[in-house]
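In the working numbering, the protein residues as written are 11 to 260. Built from N, CA and C at the ideal position, the CB exists for glycine as well. A quick note: this is a predicted structure, and the numbers were derived from the prediction, not measured. Here the structure is laid out as structure tokens; the discussion comes afterwards.
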């Protein structure tokens with residue numbers, strides 16, 4: 011039996027052409043679009059001219075084409091329909107995430123090698139994530155340690171600078187105090203020497219001694235006598251000299 015004989019009566023050659031045109035116009039739109047030409051990368055053929063005639067409701071051209079090729083029209087259409095059904099059955103796994111067990115088995119999802127491969131991929135991905143997190147943790151810890159070391163270095167430098175400043179201040183203070191002490195001691199010595207000089211000059215001028223002990227603690231002892239003024243003679247010996255300590259109590 012020919013392919014066109016298996017079609018409904020209204021679609022067989024010689025049947026109502028308006029009905030045939032109406033039914034095939036939709037198929038033409040799905041296959042070739044709504045333009046006046048077939049889609050790109052398609053070779054033009056008499057079959058394309060036939061369906062363009064159907065789309066434009068050109069009954070005479072359709073009748074002439076069916077008279078010339080009574081079986082080619084329906085054979086071509088059956089091939090296209092079979093191709094569409096095959097494409098619908100071959101669904102891309104990315105297009106739909108819900109499959110039946112038979113569909114998953116047919117596409118190879120239940121294969122042991124596929125499961126092992128997926129398991130290994132997931133294992134490698136998990137290991138990569140773990141290693142990345144560990145590396146990030148180590149990097150963060152190293153950065154914190156570097157920051158702490160830099161802070162401690164800065165604090166140590168500041169403490170050393172403060173200690174040097176304190177040592178310098180103490181040294182300057184010691185020098186200032188030492189200089190003041192030396193000047194004070196020098197002034198005291200000069201004052202004492204000046205006092206002794208004044209006392210010696212007074213004794214020399216008056217020729218009398220000065221008793222420096224106001225209180226007599228040992229009354230039984232002989233008291234020193236007051237020096238007497240002696241008239242100088244030619245044969246007197248003054249080689250020993252005058253000792254100022256005998257009059258100042260030193």
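One alpha carbon belongs to residue 159, the other to residue 165, and they sit about 10 Å apart.
Distance between residue 185 and residue 175, taken at the CA atoms: about 15 Å. The alpha-carbon separation between residue 177 and residue 216 amounts to approximately 58 Å. Between residue 94 and residue 88, the alpha-carbon positions lie close to 10 Å from each other.
Residues of the same chain with a CB within less than 6 Å of the CB of residue 151, apart from the 5 flanking positions on each side, do not exist.
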